[in-house]
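Visitor:
In UniProt numbering, the protein residues as written are 1 to 595.
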């Protein structure tokens, strides 16, 4: 049975949602677990096996296919515990136990199960038992979805240093670990097309439909625009693989890595999905069925459509409802605000306090990621403190133990991580020799060890120490986090999403559309200020396209606020004024790259 909720909690870092299913799946809420760090998953399996008194056998790195085995074992543990939690809730007493009541209290007021629950509360004693039995039958767990960042796909080696076959790379091993597990959910592919990874999914029967046309495990694509969704969806369809959901994420108004579009804004992007949903479904379904029929497999039903959801910067129920209703979405994702909900995510106490005390300017887009992709960061995190302290001690960079982001072959044939002490030492030597300028050096020194920093909070929050005592935390909240202050209960945050209550947010918080536009205007300004001695004509064309797309987006929003009731009259007038100001700011922009 599908989740009864219309929102999900996206993946956050390596550790912030690694055990979220154990906290919220019992209430029917789906969340996404990163499965990239098998070391963390093994540590968490040990912790929760002990807590729930489940036998634990360590999977060491000498075990064949240990990475996939660790992932499978952890996901199996999550599903086992969640199943036990659901069974326990089903057997609870409505008169005396909180869990079964909270399950239905968290649902949106218009949901049939919530209405049935309300009827049960106010009916006669004679009918109450019948209603309660009906309610017990509909209780279902939230999905345990997993995230694979497609770009994190290092080739691995055996004990003798020989390269292992392609299926033992980081991403393919992770996919195998999920596919072989008992977890009920979907794999989320994020960060773009990885042909080898996508093709590898064809090896696992759970991604193909059964006799009823249902896939045991789903495939979700996190995308930034319609074109990328179409290209990736077609690639998978030609393998007979159905995309069960397109998860649209704002390019800049999101947490973690920021993959900016060429100035395409979320409003026009969602409009394009809305206009083409039927055509997209037909093309992908027909392509899938053609391949499935040729394979002699069961085909997909004709009435099947992929879910379309959006995540990134949503802040209140008005925005949530508008996105759901106007763009005919199947759901939304709420990430960063849940970092302030200990009942849902794993944030250590020190980092939680740093978030609460942070100023708006402390949330920024950084060069911290070794992937070379802009990364949302917190200036006051313990991870940033550690990075700066190492530089002050003339020991920049991090010891590189996990090696998930070892991609640079600048100094040797063996890839190393740009956040590592080895790489940064070599870059400092280049700087001292006058071979690189101070700006390039500054960007290199900004690199942080995300492997350790993004996994540490999960262990710290359960009272454990990370391996080698590397307990500095890197946290990656989206810009929206700056407007939420306080520690919230799960019920408060869910009620806020569904409009049952309104949390007190910063009054200066702009509408989700306006905030994203502001971020893109700032991004364009920074791009225009870059000094590029080569390919200036090509770069000029890129900037012009970016600017044109932003102008088109502004016009789209100006038309939208005149046609649709987005909010109160005062809020709409404020949006109109902000759009006018941003449009004028765009017109005033002049490239500073000399062409």
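Beta carbons: idealized from backbone N, C-alpha and C, even for Gly.
All values derive from a computational prediction rather than experimental measurement.
For residue 147, which beta-bridge partners are listed by DSSP?
Guide: As a position in the chain shown, residue 147 is number 147, starting the count at 1. Paired residue(s): 34, 188.
Visitor: At the level of alpha carbons, what is the spacing between residue 147 and residue 114?
Guide: By 1-based counting over the chain shown, the position of residue 147 is 147. By 1-based counting over the chain shown, the position of residue 114 is 114. C-alpha separation (whole angstroms): 30 Å.
Visitor: Report the option in 308, 312, 286, 311 whose CA atom is closest to the CA atom of residue 302.
Guide: The sequence position of residue 302 within the chain shown is 302, counting from 1. It is 286.
Visitor: Quick check: the Cα distance between residue 313 and residue 511, rounded to an integer number of angstroms?
Guide: Stepping through the chain shown from its first residue, residue 313 is reached at position 313. Stepping through the chain shown from its first residue, residue 511 is reached at position 511. The straight-line gap from Cα to Cα measures roughly 9 Å.
Visitor: Can you find the residues in the same chain that come closer than 7 Å, C-beta to C-beta, to residue 572, ignoring five residues on each side of it along the sequence?
Guide: Sequence index remark: in the chain shown, residue 572 carries index 572 (1-based). Closer than 7 Å at Cβ, skipping near neighbours: 561, 566.
Visitor: Could you check the C-alpha separation between residue 176 and residue 216 for me, to the nearest Å?
Guide: Counting from 1 along the chain shown, the entry for residue 176 is found at position 176. Counting from 1 along the chain shown, the entry for residue 216 is found at position 216. Spanning the two alpha carbons is a distance of roughly 15 Å.
Visitor: Just to confirm before moving on: does the CB-CB distance between residue 341 and residue 490 stay below 9 Å?
Guide: Residue mapping note: residue 341 aligns to position 341 of the chain shown, counting from 1. Residue mapping note: residue 490 aligns to position 490 of the chain shown, counting from 1. The answer is yes: Cβ separation under 9 Å.
Visitor: Are the CB atoms of residue 145 and residue 545 nearer to each other than 9 Å?
Guide: As a first step, residue 145 is located in the chain shown; it is residue number 145 there, counting from the start. As a first step, residue 545 is located in the chain shown; it is residue number 545 there, counting from the start. No, they are not a contact pair.
Visitor: Give the DSSP bridge partners of residue 310, in chain order.
Guide: In the chain shown, residue 310 corresponds to position 310, counting from 1. Beta-bridge pairing links residue 310 to 248, 332.
Visitor: May I ask you to list the residues that DSSP assigns as paired with residue 223?
Guide: For the purposes of this step, residue 223 is taken as the residue at position 223 of the chain shown. Note: residue 223 sits in a beta bridge opposite 248.
Visitor: Could you give the C-beta distance for residue 247 and residue 311, rounded to a whole number, given that I count them as a contact under 8 Å?
Guide: As a working note, residue 247 is residue 247 in the chain shown. As a working note, residue 311 is residue 311 in the chain shown. 7 Å between Cβ atoms; contact.
Visitor: If I follow the unbroken alpha helix (DSSP H) through residue 546, where does it start and stop?
Guide: Stepping through the chain shown from its first residue, residue 546 is reached at position 546. Start and end: 536-563.
Visitor: According to DSSP, simplified to helix, strand and coil, what is residue 56?
Guide: Taking the first residue of the chain shown as position 1, residue 56 is located at position 56. Looking at residue 56 - three-state DSSP - the assignment turns out to be coil, as it is neither helix nor strand.
Visitor: Going by DSSP in three states, residue 218 sits in which element: helix, strand or coil?
Guide: Position 218 of the chain shown, counted from the start, is the residue given in the question as residue 218. Looking at residue 218 - three-state DSSP - the assignment turns out to be strand.
Visitor: What residues in its chain sit with their C-beta under 6 Å from that of residue 419, if we drop five residues either side in the sequence?
Guide: Start at 1 with the first residue of the chain shown, and residue 419 comes out as number 419. Hits under 6 Å: 370, 398, 447, 448, 449.
Visitor: Can you tell me whether residue 89 sits near the ligand ATP, meaning its C-beta is under 8 Å from at least one heavy atom of the ligand?
Guide: The ligand ATP is absent from the structure shown, which contains no ligands of any kind.
Visitor: Near residue 595, which residues of its chain fall below 6 Å by C-beta distance, leaving aside the five closest residues on each side in sequence?
Guide: Taking the first residue of the chain shown as 1, we reach residue 595 at position 595. Reliability fails at residue 595, whose pLDDT of 34 lies under 50, so the model's placement of it is uncertain and no value is given.
Visitor: Whose C-alpha, out of 508, 292, 73, is nearest the C-alpha of residue 209?
Guide: Taking the first residue of the chain shown as position 1, residue 209 is located at position 209. With distances taken between Cα atoms, residue 209 lies closest to 292.
Visitor: Beta-carbon separation of residue 252 and residue 228 under 9 Å?
Guide: As a first step, residue 252 must be located in the chain shown, where it is residue number 252. As a first step, residue 228 must be located in the chain shown, where it is residue number 228. Result no, Cβ atoms of residue 252 and residue 228 do not sit closer than 9 Å.
Visitor: I'd like to check one pair, residue 404 with residue 44: are the Cβ atoms closer than 9 Å?
Guide: Here the question's residue 44 lines up with position 44 in the chain shown. Here the question's residue 404 lines up with position 404 in the chain shown. Result no, Cβ atoms of residue 44 and residue 404 do not sit closer than 9 Å.
Visitor: From residue 589 to residue 231, what does the alpha carbon distance come to, in whole angstroms?
Guide: Translated into the one-based positions of the chain shown, residue 589 becomes position 589. Translated into the one-based positions of the chain shown, residue 231 becomes position 231. Going by the C-alpha atoms only, they are around 33 Å apart.
Visitor: Please name the residue in 481, 471, 462 whose C-alpha comes closest to that of residue 49.
Guide: In the chain shown, counting from the first residue as 1, residue 49 sits at position 49. Residue 49 has its Cα closest to that of 462, out of 481, 471, 462.
Visitor: Taking DSSP's pairing of strands, which residues face residue 363 in a bridge?
Guide: Taking the chain shown and counting its residues from 1, the one referred to as residue 363 is at position 363. Beta-bridge pairing links residue 363 to 378.
Visitor: Tell me the rounded alpha-carbon separation between residue 575 and residue 381.
Guide: Numbered from its first residue, the chain shown carries residue 575 at position 575. Numbered from its first residue, the chain shown carries residue 381 at position 381. Roughly 33 Å separates the two Cα atoms.
Visitor: Using a Cβ-Cβ cut-off of 7 Å (strictly less than) and excluding sequence neighbours within five positions of residue 134, which residues of its own chain qualify?
Guide: By 1-based counting over the chain shown, the position of residue 134 is 134. So the qualifying residues of the chain are 116.
Visitor: Tell me, which residues are paired with residue 9 by DSSP?
Guide: Sequence index remark: in the chain shown, residue 9 carries index 9 (1-based). According to DSSP, which records beta bridges pairwise, residue 9 is partnered with 31.
Visitor: Which same chain residues, not among the five before or five after residue 422, have their C-beta less than 6 Å away from its C-beta?
Guide: Here residue 422 refers to the residue found at position 422 of the chain shown. Once the five neighbours on either side are set aside, the close Cβ partners of residue 422 are 416.
Visitor: Report yes if the CB atom of residue 283 is closer than 9 Å to the CB atom of residue 244, and no otherwise.
Guide: Counting from one through the chain shown, the residue named residue 283 turns up at place 283. Counting from one through the chain shown, the residue named residue 244 turns up at place 244. Not in contact: residue 283 and residue 244 (Cβ atoms no closer than 9 Å).
Visitor: Between the beta-carbon of residue 189 and the beta-carbon of residue 178, is there less than 9 Å?
Guide: Sequence index remark: in the chain shown, residue 189 carries index 189 (1-based). Sequence index remark: in the chain shown, residue 178 carries index 178 (1-based). No, Cβ-Cβ distance for residue 189 and residue 178 is not below 9 Å.
Visitor: What's the C-alpha gap between residue 593 and residue 485?
Guide: Here residue 593 refers to the residue found at position 593 when the chain shown is read from its first residue. Here residue 485 refers to the residue found at position 485 when the chain shown is read from its first residue. The predicted model places residue 593 with a pLDDT of 42, which falls under 50 and marks its position as unreliable, so this point remains unresolved.
Visitor: Which of helix, strand or coil does DSSP assign to residue 370?
Guide: Here the question's residue 370 lines up with position 370 in the chain shown. If DSSP states are grouped into helix, strand and coil, residue 370 belongs with coil.
Visitor: Using DSSP bridges, identify the partner residues of residue 257.
Guide: Within the chain shown, residue 257 is the residue found at index 257, counting from 1. Paired residues: 375.
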